[in-house]
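These notes are about the structure you will find just below.
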């Protein structure tokens with residue numbers, strides 16, 4: 020089995036008997052050691068003492084009075100957010116259970132970055148035995164925002180952070196002269212270079228052709244199946260579609276805010292303009308192996324899954340929509 024996504028922190032956890040990831044002291048310490056929480060030279064004695072004590076005992080209870088004793092307002096805010104997040108992790112039976120609690124009961128002030136990190140970690144566990152770089156690259160969409168670009172008739176998804184780094188560093192002036200984008204400087208995942216993914220899985224430097232490469236869309240379908248299976252413990256089958264031709268469609272899930280907005284408009288019977296249609300990057304049909312868990316209004320009908328981009332061509336997938344948005348009966352949410 021090949022290693023991948025070391026940056027997920029997977030090595031700081033251990034798998035529990037139920038298949039989830041246990042919340043370990045090592046994982047909590049990784050959060051305590053984040054740069055935002057490192058006391059600066061001018062930090063008060065109270066802040067330095069709290070940080071040192073949590074490095075010794077990362078699960079110890081911290082009364083509000085300790086935080087209120089900090090001189091710096093930003094430090095107080097950062098620690099309150101971090102400790103609230105830590106307490107929800109510690110209270111859960113696993114990382115997966117903590118994530119489900121956050122998305123079902125409300126994340127509160129939990130930073131989106133922390134939610135993305137949990138998704139990264141959960142997917143690392145769910146895909147632990149995966150040997151297909153296409154599936155792993157497609158899975159990055161669930162926790163890494165993407166920039167969409169069009170190059171040589173291909174619709175490319177490239178890691179937004181990587182692209183912004185290229186732009187800040189100044190990409191090739193020759194490419195700019197010909198109107199090409201930084202994504203064109205990245206390797207696009209294909210059958211010939213897929214083997215290189217393993218050595219750079221944590222660099223996120225491979226683009227994915229979600230447009231004309233059918234294997235990329237199939238890979239995303241497998242990721243959706245794995246995500247639902249791992250978190251909801253139910254089997255679904257997901258198939259890429261070229262278009263939704265069902266005249267009696269009962270339900271859809273938008274994988275992002277844009278797709279949800281467009282899907283809602285279609286649901287209301289509104290006419291969708293060409294510009295909005297062009298922002299739908301992919302569509303899928305999802306069916307359940309066991310329809311007894313499905314809302315009676317849907318029954319054996321498929322659920323359609325939409326993937327879209329913003330007007331400035333950014334893709335920010337919300338994987339929680341696949342958990343909270345599926346038409347499941349109430350008892351099916353006990354997973």
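In this note's numbering, the protein residues as written are 20 to 354. Note that CB positions come from ideal geometry on N, CA and C, so glycine has one too. Computed from a predicted structure; not experimentally measured.
Exercise. Going straight from the alpha carbon of residue 91 to that of residue 63, what length do you get?
Worked result: Take the alpha-carbon of residue 91 and the one of residue 63: they are about 8 Å apart.
For this session: Could you tell me the distance, in whole angstroms, from the CA atom of residue 307 to the CA atom of residue 115?
Result: 21 Å
For this session: Return the first residue and the last residue of the alpha helix (DSSP H) that residue 297 is part of.
Result: 293-297
Problem set entry | Residue span of the alpha helix (DSSP H) that contains residue 96, given as start and end | 92-110
Exercise. Residue 334 and residue 152 look like a contact to me (Cβ under 8 Å); what is the Cβ gap, rounded to whole Å?
Worked result: At roughly 19 Å, the Cβ-Cβ gap does not stay under 8 Å, so residue 334 and residue 152 are not in contact.
Exercise. With 16 other CB atoms within 10 Å as the buried threshold, where does residue 169 fall?
Worked result: exposed
For this session: Figure out for me which residue from 345, 329, 341 has the closest Cα to the Cα of residue 317.
Result: 345
Problem set entry | Range covered by the alpha helix (DSSP H) that runs through residue 153 | That run of the alpha helix (DSSP H) goes 152-158.
For this session: Answer yes if the region 294-312 comes into contact with the region 258-269, meaning at least three C-beta pairs across the two stretches below 8 Å, and no otherwise.
Result: yes
Exercise. Would the beta-carbon of residue 275 fall within 9 Å of that of residue 336?
Worked result: yes
Exercise. If you draw a straight line from the alpha carbon of residue 224 to that of residue 177, how long is it in whole angstroms?
Worked result: Between the alpha carbons of residue 224 and residue 177 lies a distance of about 7 Å.
For this session: Starting from residue 302, follow its DSSP beta bridges and name the residues at the other end.
Result: For residue 302, DSSP records a beta bridge to 260, 325.
For this session: Please confirm if the region 121-141 is in contact with the region 94-105, defined as three or more CB-CB distances below 8 Å between the two stretches.
Result: yes
For this session: Return helix, strand or coil for residue 86, following the three-state DSSP convention.
Result: Under the three-state reduction of DSSP, residue 86 is assigned to helix.
For this session: Decide if residue 185 is buried, meaning its Cβ has at least 16 other Cβ atoms within 10 Å, or exposed.
Result: buried
Exercise. Which runs of the beta strand (DSSP E) fall wholly inside the region 165-248 and span at least 3 residues, in chain order?
Worked result: 165-170, 173-178, 225-228
Problem set entry | Element boundaries [beta strand (DSSP E), containing residue 272] | 270-273
Exercise. Since residue 255 sits in a beta bridge, which residues does DSSP pair it with?
Worked result: 307
Exercise. Comparing alpha-carbon positions, which option in 229, 69, 159, 247 lies nearest residue 172?
Worked result: 229
Problem set entry | Local conformation of residue 40 per DSSP, three classes | strand
For this session: Verify whether the separation of the beta carbon atoms of residue 146 and residue 118 is less than 9 Å.
Result: no
For this session: Compare the C-alpha of residue 113 against each of 68, 47, 254 and name the closest.
Result: 47
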